[in-house]
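Each remark here refers to the structure printed beneath this line.
Residue numbers (the numbering used here), protein chains in the order written: chain A, 778 to 1081; chain B, 846 to 1099.
Spelled out as C-alpha cells, the structure:
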C-alpha cells in the first residue's frame, strides 16, 4: 500500500518535472530550426524550414508535442542532438557511467567518513575531531569545490609534482571524488553528531551508562542507529548538491560526463539534450530519495 | 560591530567596483603581460595584460547583483509564502508546503543550469533562477517559525482582543520570525555567491568577455604552472565574500 503510494507519487513528480521543463525549454527564445540550419549549413529556404518544422512536429500545439515527446522518451527515443546529430540516448549511455561513478563514489565516501568524524566529535566534545568537523563545515561553505580543486592541482601538481594536472589518469577521478565528498562529509558529520548528542540526553542513555557501559560504548550501541537514520535523511538533500558539484568537477578535470556534454551543447541551444539532462537528474534524485527511504525503513522497523 | 564595519567595507568595495576601476577591465595591453604586482597593477595582469584588480572589481559588482537579487527574491517570496501558509492553514497550507517541498527537492544548481541554458547567463537571470530556487527552503523555514509563534499565548491574547489579521501579522508575528529569517538569508546569499561562481566557471556565460570571478578562474586555470596568483585572487575574493556574509548573519548560531 505504502509502496504503491510512493510509486504513484514518484511518477506524478516525474511527470510534473518533465512537463515543467518541457514547457520552459520549448518556450525559450531560440528557434531550433534556425539553429539547425546554421549548424548544418542547410539552405534556408521556405521548404527546408517547413520540412524541418513538420519533421520535428514544431507546427503542432504544445500539449500534442509534449505527449509525442513523452511517448518517444518512454520508448527509448530521446531525440537527436542538434550539435552532433547523434541520438541523445546513445551519448548519455556513454557518459552516464562517468557522472554516476563520481556522484555515487563521492556520496559513499562522504557517508563513510562522516560517521567516524561525527562519532568522535560527539564522544569528545571540543576535541580534535569536533574542532575539525566544525572548521570543515565553515570551510566548505565558503570555498567552492572547483577552486579548492585548482589550488590542490597547483600544490600537488606544480609545487610537489606528485601528479600531473589536467591529464586524464587515475588522479583525475580520485581528486574529484574527494572534493565532491568533502562538502557532504562536513554536513553529514554535523547531522550525525547532533543526533548522537540528542540521544545522550535521553533517559535510556543514562540507563545504559548506569549499566556500566562506557560513554563510547553507549553512544555506539544506543545512539548510532538513530544517528544513522538522521544522516540518511540528510543524504536525500545532499544528493542534489553532489550532482551539482559533479558538473564543475567534470569541467575542471575534463571528464566526459553528462554535465560536460550539456555545457558543450548549450551554445547550440540543444533542446533535446537539455530536456534529457533534466530528466536524468530528476530520476537520480528520485532513486537517491527512494534508496535513502528504504535504508531508513530497514533501520527503523516502526516505519515498515 | 567589527563585523558590520567589515561587511560595509565589502559592500562599498563591490559597489565602487561597479562604476570605477583603476584600469579598464577589458583593456588589452600586450606589453604588460603577467606583470606581477606593481604599483600601477596592484594584483598584476593576466596573459593579455588586463589588470586583475579591475577585473575582480568588475566581477565583484556582478556577483553583488546576484547575491542581492537572490537574497531579496528568496527572502521576500519565501517569507510571504511561508507566513501565508501558516496563517491560512487548511488545504491552502498543504498546497503551498507541497509545492515548496517539490522545489526543495530539485537541486539549486540544476535549476540555475537549466535557466542559464535557456536564457543565457547574466547576473539578472542567474540571480532570478537562484532566487526562485531559494524560495522553497525560505518558505518552509518561515512556515515552521510562524507556526511556533502562532502557538504562543500572546497570539491568543491578541486574537481575543480583536486584533485584525493583517495587524496581527505585522505587529505580532513577523517581529518574532524575521530575526531568524535574516540569519538564514545571509547564509543563502553566501551560497548564491558560490553557485554563481560555479555557473560562470562551467562556462555558461552568454558573454564570456565580461569578467566574472568564476569565468576568470576557468580562463586562468591553465596558468597554474607559471602564474598561480592569477587563480588565487578571484577564488580568495569568493571565499572572502562568503565568509563575511555567513559570519555577519550567523552571529547567534541559529
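Ideal Cβ positions, reconstructed from N, Cα and C, are used throughout, including at glycine.
Check, Outcome
"Proximity of residue 971/B and residue 956/B at Cβ, strictly below 8 Å", "no"
"Chain A contact residues for residue 1049/B, given Cβ-Cβ distances below 9 Å", "1040 and 1043"
"Cutoff 8 Å: residue 1083/B Cβ touching any chain A Cβ", "yes"
"Residue of 839/A, 890/A and 1072/A minimising C-alpha distance to residue 964/A", "890/A"
"Per-residue burial, residue 1020/B [other beta carbons within 10 Å of its own, 16 or more giving buried]", "exposed"
"Inter-stretch contact at 8 Å, needing at least 3 Cβ pairs: the region 899–915 of chain B / the region 1073–1093 of chain B", "yes"
"Test: residue 798/A CB closer than 8 Å to a CB of chain B", "yes"
"Beta-carbon separation (whole angstroms), residue 1047/B vs residue 1028/A, contact threshold 8 Å", "5 Å"
"Of the residues 1013/A, 1018/A and 972/A, the one placed nearest residue 997/A, counting alpha carbons only", "972/A"
"Inter-stretch contact (C-beta, 8 Å, three-pair minimum) for the region 991–1009 of chain B and the region 939–956 of chain B", "no"
"Chain A contact for residue 1091/B (CB, 8 Å cutoff)", "yes"
"Min CB distance residue 888/A to chain B below 8 Å", "no"
"Stretch pair the region 871–890 of chain A + the region 1029–1038 of chain A: three plus CB contacts closer than 8 Å", "yes"
"Short CB-CB distance (under 8 Å) between residue 1083/A and chain B", "There is simply no residue 1083/A to check, as chain A begins at 778 and stops at 1081 in what is shown."
"Own chain residues within Cβ distance below 7 Å of residue 1050/A, not counting five before or after", "858, 865, 1038, 1039 and 1042"
"For residue 882/B, the nearest candidate out of 981/B, 897/B, 861/B and 869/B (CA to CA)", "897/B"
"Any C-beta of chain A under 8 Å from that of residue 1097/B", "For residue 1097/B, the predicted model reports a pLDDT of 45, less than 50, meaning its position is unreliable; a value from the coordinates is still stated below. It does not: the Cβ of residue 1097/B has no partner Cβ on chain A nearer than 8 Å."
"Meets three-Cβ-pair contact criterion under 8 Å: the region 951–969 of chain A and the region 913–933 of chain A", "yes"
"Assigned secondary structure, residue 896/B (DSSP; H/G/I helix, E/B strand, else coil)", "strand"
"Local Cβ density within 10 Å of residue 905/A, reported as buried at 16 or more and exposed below that", "exposed"
"Interface residues of chain B facing residue 935/A [CB-CB closer than 8 Å]", "1069, 1070 and 1073"
"Inter-residue CB distance, residue 1062/A and residue 1021/A (contact presumed, cutoff 8 Å)", "About 11 Å; that fails the 8 Å criterion."
"Beta-ladder partner(s) of residue 864/A, from DSSP", "857/A"
"Residue range of the unbroken alpha helix (DSSP H) whose run includes residue 1061/A", "1048–1076"
"Complete alpha helix (DSSP H) runs within the region 1002–1052 of chain B (minimum length 4 residues, chain order)", "1010–1013 and 1019–1047"
"Among 888/A, 863/A and 851/A, the one whose alpha carbon lies nearest that of residue 1015/A", "888/A"
"Neighbour flag for residue 1017/A against chain B, beta carbons, 8 Å", "yes"
"Where residue 940/B falls, given that 16 or more other Cβ within 10 Å makes a residue buried", "exposed"
"Among 856/B, 1037/B and 1069/B, the one whose alpha carbon lies nearest that of residue 928/A", "1069/B"
"Counted within 10 angstroms of its Cβ, other Cβ atoms place residue 866/B as buried (16 or more) or exposed", "buried"
"Residue-chain proximity (residue 918/B, chain A), Cβ-Cβ < 8 Å", "no"
"Alpha carbon of residue 942/B to alpha carbon of residue 1034/B, nearest angstrom", "22 Å"
"Proximity test, Cβ basis, 8 Å: residue 969/B and chain A", "no"
"Boundaries of the alpha helix (DSSP H) in which residue 974/A is found, first to last residue", "948–977"
"Chain-order list of residues whose beta-carbon lies under 7 Å from that of residue 1072/B (same chain, five-residue window excluded)", "879"
"Boundaries (first-last residue) of the alpha helix (DSSP H) holding residue 1065/B", "1058–1065"
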